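Everything on this sheet refers to the single structure shown next.
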Amino acid sequence: MAIVRLIGYFSSIAGYSEKEFIIDQPIKVRDIVNFPNIPEERIIVLINEKGANLDSIINSTDYVKIFPVIGGG
Amino acid sequence: MTGYHGKLLQVNLNSNNISDFVYPESWKDDYIGGRGFAVKILWDQLPKGVDPLSPENILIFSIGPLSGLTLPSSSKMVVAAKSPLTGGYGDGNLGTRASPMLKKAGYDGIIVTGKAEYPVYLLINNNNISLEDARNLWGKGTYDTEAALEKLYGKKAGFLTIGQGGENLVKYATIRSQEGRSGGRPGIGAVMGSKNLKAVVVLGNQQLPIVDPEGVKKLGKEGYRTIKKAGMYEHWMAQGTTMVLEWCHETSTLPTLNFQQGQFSGFKNLDGNELARVKTTQFGCPRCNMQCGMVIKDEAGKDSELDYENIGMLGPNLGIDDLKKVGVLNWLADDYGLDTISLGSVLGMMGEASQHNILSEKVNWGDFDKFKELVTRISFRSDELGNLLAEGTKRMADHWGGDAINWAIQVKGLECSAYNSFSIPGMALSFATSPIGAHHKDAWVISYEINETNRDSYEILKAEKVIELQRIRGGMFESLTTCRFPWIELGYSLDNYPKFLHQVTGNSNWDLNQVFKVADRIYSLIRSFWVREFHSEGIEWNKNFDYPPAKWFNEELAGDGPYKGAKLDRTKYDQLLMEYYNLRGWNENGIPKSETLAKLDLVDVDNYLKTLI
Chain Z
6 MAIVRLIGYF SSIAGYSEKE FIIDQPIKVR DIVNFPNIPE ERIIVLINEK
56 GANLDSIINS TDYVKIFPVI GGG
Chain P
2 MTGYHGKLLQ VNLNSNNISD FVYPESWKDD YIGGRGFAVK ILWDQLPKGV
52 DPLSPENILI FSIGPLSGLT LPSSSKMVVA AKSPLTGGYG DGNLGTRASP
102 MLKKAGYDGI IVTGKAEYPV YLLINNNNIS LEDARNLWGK GTYDTEAALE
152 KLYGKKAGFL TIGQGGENLV KYATIRSQEG RSGGRPGIGA VMGSKNLKAV
202 VVLGNQQLPI VDPEGVKKLG KEGYRTIKKA GMYEHWMAQG TTMVLEWCHE
252 TSTLPTLNFQ QGQFSGFKNL DGNELARVKT TQFGCPRCNM QCGMVIKDEA
302 GKDSELDYEN IGMLGPNLGI DDLKKVGVLN WLADDYGLDT ISLGSVLGMM
352 GEASQHNILS EKVNWGDFDK FKELVTRISF RSDELGNLLA EGTKRMADHW
402 GGDAINWAIQ VKGLECSAYN SFSIPGMALS FATSPIGAHH KDAWVISYEI
452 NETNRDSYEI LKAEKVIELQ RIRGGMFESL TTCRFPWIEL GYSLDNYPKF
502 LHQVTGNSNW DLNQVFKVAD RIYSLIRSFW VREFHSEGIE WNKNFDYPPA
552 KWFNEELAGD GPYKGAKLDR TKYDQLLMEY YNLRGWNENG IPKSETLAKL
602 DLVDVDNYLK TLI
């Protein structure tokens, strides 16, 4: 079971803040989350706290966090 | 028509003399405006070693060539002086109607020296300038002061005011405007108070000095449209910077219980979703279409305007998990004219000192009523403890001694903004090398650090990124003077700004590289100012002034989360700092080298520094 956690406005767009996914075979991040109106360079993906991207592969026990890029005020 | 008026208004409050300061033509290309003009004036005109709260200090209100024009978020103003909090260069920026009004009144800034015999306010109505009696305003908060002035001069006037914090010389008092805007974290409001200057009112209706007004109008209009079309726009408008709170919690960078922890169990009561749920309206600066001031009805029934920094510092940092209570502390700070970041840090340090049982009077984490009481005692310096807390965390640490240095979350005397950096060395470097003391406005690198680097590494890329952002944010935006938010938050292209500069000034040589050279000149001149002023106190400048707060080396990140136990490594940080100096062309003490100053056309500054070191 992989867990995907969406931070900030990504949870509003997707309608959930955290969800469990059964991963039968390795799958890309972009195959389970989709934010068509947000430029990809504005999306941060961390898998098990390590930097990743939308093409990174999720394995069955991964913890995926997806953040918007912010400028920090 | 060159994009400038070529003069600043010069007001001497000792003699009541009011005159024009006509600056050299070369300043336009060498310093652009805003922060650039401010540091140039302080370097040239401020006698070395002046007490920041004495009449001799120079208070500067400075705008840039893009100030107040109809282009995205252009109504910023820089307020600057030698800082009473740090003893070095101090400035801040705020969005204010005073920015376009000053431009329309025919000035590129205001220079104030001396001290009025009794409280006054400066009234600028085009070229009719006067000093008016402000004795009936002295003692009032910023909201009442602005309301009283608005009755006299109308809603369209630009207002800059101080509250009781500035009057009572609280070392982190700010200057306020338009009921929600604040600027001048390093005590620029106290400098204004020390001059008996309660307010500045600006009215102007002259033509703006723009070479190509049609070009600016067209590009500006496209800019507003581009910002509105950004995919993130509706989300930004819903939450503004308050979305950062959850972001920081999830990355273990939220300042919690005086930066002891990086996550806060009550964060959901304070985050952007909660703010969006309870907000009643939102405000922005003039000329802005991405308003970031989120207003809630606080527990006392006041309209409190919140952003991430004040929620972070007055909420999790004090253990308070109720947005309406945070709103009360924020409203009081705004009314008294105190910087909410430094205030939150001072109160947090008081909380940590209480936790360690070193004080007879204590405050417990989350004790809203006690924190609220302290805000008023600080603002009026009404007793011994309030008086000490009005001095800021560095002086509190000096006074308490022992471990208290680990509870003072500051660099050069200025308190860190709301980003806990035990586990992010790049952001620690940013705080440590910010030109006014710890502040996020010049470079904020956390997205980069967690997304594009090995987060806890000390690789040179991080020093390069800090400098890149300091050039853009601290150099370009602070001198233009426009807001950085359209670029950093909604992706509006940086390439537009040299285009605006060209259209406004007629100078087609402007490109980003030219702007960044100015930024480097500004940074080296600011650093030289620090060296000079510290030398006057008998202190030789050295790398220790560019170190982040002691807590991040001496303690470990506590609480929950994946970065529990993280801390900075002193040896590795030192190497990163040396890389930073090397990239900047500064020596191992953090002082600009002769060849660097020569390249930046600052040979006279180099010659002066050689007499000191």
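Sequence lines, in order, name chains Z and P.
With the first letter of the first sequence counted as 1, position 37 gets the number 42 in the numbering used here; the numbers rise by one all the way through.
With the first letter of the second sequence counted as 1, position 458 gets the number 459 in the numbering used here; the numbers rise by one all the way through.
For every residue, glycine included, the Cβ atom is placed at its ideal position computed from N, Cα and C.
If you're wondering where the values come from, they're calculated on a predicted model, not measured in any experiment.
Buried versus exposed, by CB contacts within 10 Å (16 or more), residue i
{"i": "P:Lys157", "result": "exposed"}
{"i": "Z:Met6", "result": "exposed"}
{"i": "Z:Val3", "result": "In the structure displayed, chain Z extends from 6 to 78; residue 3 of chain Z sits before or after that span and is not available."}
{"i": "Z:Lys70", "result": "buried"}
{"i": "Z:Val30", "result": "According to the sequence displayed, residue 30 of chain Z carries Gln and not Val. It is exposed - the Cβ of Z:Gln30 has fewer than 16 other Cβ atoms within 10 Å."}
{"i": "P:Ile540", "result": "exposed"}
{"i": "P:Ala419", "result": "buried"}
{"i": "P:Gln262", "result": "buried"}
{"i": "P:His615", "result": "Lying outside 2 to 614, the shown extent of chain P, residue 615 of chain P is not represented and no answer is given."}
{"i": "P:Leu360", "result": "exposed"}
{"i": "P:Ile342", "result": "buried"}
{"i": "P:Thr612", "result": "exposed"}
{"i": "P:Pro1", "result": "The question about residue 1 of chain P has no answer, for chain P in this structure spans 2 to 614."}
{"i": "P:Lys152", "result": "exposed"}
First and last residue of the uninterrupted beta strand (DSSP E) at residue i
{"i": "P:Ile61", "result": "Leu60 to Ser63"}
{"i": "P:Asn13", "result": "Lys8 to Asn13"}
{"i": "P:Phe22", "result": "Asn18 to Val23"}
{"i": "P:Arg585", "result": "Counting along the chain, P:Arg585 falls outside any beta strand (DSSP E), though it belongs to the alpha helix (DSSP H) covering Arg571 to Arg585."}
{"i": "Z:Phe40", "result": "Segment: none, Z:Phe40 is in no beta strand (DSSP E) and carries neither H nor E."}
{"i": "Z:Pro73", "result": "Tyr68 to Pro73"}
{"i": "P:Phe160", "result": "Gly159 to Thr162"}
{"i": "P:Lys600", "result": "Element bounds for P:Lys600: not the beta strand (DSSP E) but the alpha helix (DSSP H), Ser595 to Lys600."}
{"i": "P:Ile444", "result": "Note on identity: in this sequence residue 444 of chain P is Ala, with Ile being the wrong assignment. P:Ala444 -> no beta strand (DSSP E), and no H or E assigned at all."}
Endpoints, the alpha helix (DSSP H) within which residue i is located
{"i": "P:Thr227", "result": "Pro214 to Lys230"}
{"i": "P:Asp304", "result": "Taken as a continuous stretch (DSSP letters only), P:Asp304 belongs to no alpha helix (DSSP H), being part of the beta strand (DSSP E) at Asp304 to Leu307."}
{"i": "P:Ile447", "result": "Ile447 to Glu453"}
{"i": "P:Thr434", "result": "Pro426 to Thr434"}
{"i": "P:Val505", "result": "Asn497 to Thr506"}
{"i": "P:Lys552", "result": "Lys552 to Asn555"}
{"i": "P:Val245", "result": "Val245 to Glu251"}
Sequence-distant residues of its chain with Cβ nearer than 8 Å to residue i (five each side left out)
{"i": "P:Ala429", "result": "Ser422, Pro549, Trp553, Leu569 and Tyr574"}
{"i": "P:Gln283", "result": "Met238, Gly241, Gln292, Cys293, Gly294, Met295 and Val296"}
{"i": "P:Gly88", "result": "Pro53, Gly414, Glu534, Phe535 and Glu538"}
{"i": "P:Ala520", "result": "Gln471, Arg472, Ile473, Gly475, Gly476, Met477 and Ser480"}
Per-residue DSSP class, three states only, for residue i
{"i": "P:Arg186", "result": "coil"}
{"i": "P:Asn94", "result": "strand"}
{"i": "P:Met295", "result": "strand"}
{"i": "P:Leu209", "result": "coil"}
{"i": "Z:Leu59", "result": "coil"}
{"i": "P:Arg288", "result": "coil"}
{"i": "Z:Glu23", "result": "strand"}
{"i": "P:Arg485", "result": "coil"}
{"i": "P:Leu462", "result": "helix"}
{"i": "Z:Lys33", "result": "strand"}
{"i": "P:Arg456", "result": "coil"}
{"i": "P:Val79", "result": "strand"}
{"i": "Z:Ile49", "result": "strand"}
{"i": "P:Gly438", "result": "strand"}
{"i": "P:Asn612", "result": "The residue asked about is misnamed: residue 612 of chain P is Thr in this sequence, not Asn. Here P:Thr612 sits in coil by DSSP."}
{"i": "P:Leu491", "result": "helix"}
{"i": "P:Gln240", "result": "helix"}
{"i": "P:Val203", "result": "strand"}
{"i": "P:Leu198", "result": "strand"}
{"i": "P:Ala559", "result": "strand"}
The ligand FMN heavy atom lying under 7 Å from the CB of residue i
{"i": "P:Leu307", "result": "Questions concerning the ligand FMN fall outside what the structure shown contains, since it holds no ligand whatsoever."}
6 Å Cβ shell around residue i - same chain, five flanking residues per side excluded
{"i": "P:Ser480", "result": "Ile33, Gly34, Gly35, Arg36, Gly37 and Gly65"}
{"i": "P:Leu161", "result": "Ala99, Ile176, Ser178 and Val201"}
{"i": "P:Asn543", "result": "Asn590"}
{"i": "Z:Asn39", "result": "none"}
{"i": "P:Ser63", "result": "Gly35, Phe38, Ala39, Val79 and Gly110"}
{"i": "P:Glu26", "result": "none"}
{"i": "Z:Ser22", "result": "Leu11 and Ser16"}
Same chain only: Cβ atoms within 7 Å of residue i, ignoring 5 sequence neighbours per side
{"i": "P:Gln46", "result": "Ile59"}
{"i": "P:Glu460", "result": "Thr454"}
{"i": "P:Arg182", "result": "Leu95, Gly96, Thr97 and Cys286"}
key: Those runs of the alpha helix (DSSP H) which lie wholly inside the region 334-422 of chain P and span at least 4 residues   = DSSP runs (the alpha helix (DSSP H)) wholly in the region 334-422 of chain P: 341-356, 369-380, 385-390 and 394-401.
request  = Jot down the residue ranges of each uninterrupted beta strand (DSSP E) in the region 100-152 of chain P, minimum 3 residues, whole runs only, in chain order.
outcome  = 110-114, 121-126 and 129-134
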